[in-house]
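What follows is a short report on a single structure.
2 protein chains.
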Amino acid sequence: METIKVILVDDHKIFRDGFRLLLQSFPYVDVICEASNGLELLKVLEDNIPDIIFMDINMPHVDGVEASKRALEKYPDLKIIALTTFLDDDYLEQMLMAGVEAYMLKNADIEEFEKAILKVYSGGNYFSAEIVALLSDKLNILRSRKVQQMELPVFTDREKEILELICKGFGNKEIAEKIFISPKTVEKHKSSLFQKTGVLNTVNLVIFSFKHQIVDF
Amino acid sequence: METIKVILVDDHKIFRDGFRLLLQSFPYVDVICEASNGLELLKVLEDNIPDIIFMDINMPHVDGVEASKRALEKYPDLKIIALTTFLDDDYLEQMLMAGVEAYMLKNADIEEFEKAILKVYSGGNYFSAEIVALLSDKLNILRSRKVQQMELPVFTDREKEILELICKGFGNKEIAEKIFISPKTVEKHKSSLFQKTGVLNTVNLVIFSFKHQIVDF
DNA sequence: TTGAACAATAGGGAAATCCCTACTTCGGAA
DNA sequence: TTCCGAAGTAGGGATTTCCCTATTGTTCAA
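Chains as they are written, first to last, in this note's numbering: chain A, 1069 to 1285; chain B, 1069 to 1285.
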């Protein structure tokens, strides 16, 4: 089996030392470098391209989120495994958006790390059980948000038509031309929409529509 | 330990028999009823309220998705564990939207079922490893879609701050008061935002932000 | 150290939006 | 039939937003 080249990024040397020790129990893993923050990582990457980066999130100077983004921008083939000491909802999302392949707690056991490395190396993803729980909670939140959208006001056909056009970004004049009525009439329909939804201007009407998923984008 | 009341819903009697047998190895689980499709389940529920429903997805008459929706509408406290023979992307999403607490493959092992029951009974979620893989793939798709959307413009801190407030529905005057600058200055920042995003007015700026998930709601 | 570039501030005038009022049409109830 | 309410139409005047211009302060490189 070929060796998997790994870089560790964490601001605590003790953690890096311990983690390197742990990784040494996998003969096919080779820790080629370390970095103590995002900036250092970017410098290191100029001369050393690993297969996998273990990336801490909380770090001085350039944190894990930013470092991941920049690293992937320059080297899109990098695989990044995010490491965190605790479950932070916000970071999870940011790291996923940054494009990491895996997200684990630092106190995972050795089998989990092995699974993660092999999975990621072969092009997959890995999320530890706690993360999955968080994700599924999130999904549930999404669901309940969708369910509780009731008692929406009743719009007339014309109002619905105009609301759609508003949410596509058209102004009063443009809408008027499109449906062959006076801009003044468009304004009147908008007033009715304001009243029914309880908002005070077009911007808030659009926000209302997106929030209640009356229109989709 | 109190007993956990369970109902099985599946159109194959053989599977129900086998599954009941499996569940009997948990002394704290009591299979109080069975149903062979969604309609039957709804009838059964009139006299029997379980803690957990094991719900097959592919069924005649009323399928698992519809049955889950209707059951949860009438009895919102029900916990539903969705069962499927294969990984179907589409059903997964539909079942999650319907509000199930767990989603598992039928050929999961006994330990997994135990985990799922206990997790769900105590108010949590459970998704088997294969489902998680699917979910994480989905997330990755979302991410890569986001990346290739377009390179988002770079906003200054002040611009980000104002964009947030705009998307919360505040007008120029209100924003000005909130951050202690002149309404005119707010307008200037908005102009910059217009230019950077390529839109022509506030409404379109809000639409842009929601579409590109720059702000979340 | 002196520009150059950029962020943040703000004013004046033009344009779009918002509020109030009013007219027409049409379908159902008295 | 007549009347009333709801939906669709539109105008005048106030308000807000938008565009152009301009000043100040900061950073960074020549």
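C-beta: ideal position from N, C-alpha, C; glycine also.
The structure presented is a predicted model; accordingly, all values stated were derived computationally and were not measured.
B/Ile1275 reaches chain A at Cys1235, Lys1236, Gly1237, Val1274, Phe1278 and Phe1285, counting residues in chain order whose Cβ is nearer than 9 Å. In this model, A/Ile1149 and A/Leu1076 are separated by some 10 Å (Cα to Cα). DSSP lists no bridge partner for A/Tyr1096. Its chain contains Asp1079, Met1127, Pro1128, His1129 and Val1130 as the residues whose beta carbon lies nearer than 7 Å to that of B/Asn1105, once the 5 sequence neighbours on both sides are disregarded; these appear in chain order.
Within 10 angstroms of the beta-carbon of A/Leu1220 lie fewer than 16 other beta-carbons, which makes it exposed. One thing to note: B/Met1123 has its Cβ within 8 Å of the Cβ of B/Leu1151.
Put simply, the CB of B/Val1271 is near chain A, with a gap under 8 Å to one of its CB atoms. Taking 8 Å as the upper bound for CB-CB distance, A/Val1271 and B/Thr1270 are in contact here, some 5 Å apart. Around the beta carbon of A/Asn1193, a 10 Å sphere encloses 16 or more other beta carbons of the protein chains shown; the residue is thus reported as buried. Residue state for B/Met1127 is assigned as coil, using DSSP reduced to three classes. In the same chain as B/Thr1153, and ignoring 5 residues on each side of it, the C-beta atoms closer than 6 Å to its own belong to Lys1174, in chain order.
Between A/Ile1185 and A/Phe1094 the beta-carbon gap is near 7 Å, inside 8 Å, which marks them as a contact. The three-state secondary structure of A/Phe1238, taken from DSSP, is coil. Non-local beta-carbon contacts of B/Leu1140 in its own chain, meaning distances under 8 Å to residues more than five positions away in sequence, involve Leu1146, Ile1148, Ala1166 and Gly1167 in chain order. An exposed status is given to A/His1280, since fewer than 16 other beta-carbon atoms sit within 10 Å of its beta-carbon. Restricted to the segment 1243-1284 of chain A, the alpha helix (DSSP H) segments that are unbroken, complete and at least 4 residues in length are 1251-1265 and 1270-1279, listed in chain order.
When the beta-carbon positions are compared, A/Leu1268 and A/Phe1262 come within less than 8 Å of each other. In the three-state reduction of the DSSP assignment, A/Ile1082 falls in the helix class. By alpha-carbon distance to A/Ile1125, the top candidate from A/Pro1118, A/Asp1225 and A/Ala1135 is A/Ala1135. Secondary structure at B/Ala1166: helix, using DSSP grouped into helix, strand and coil.
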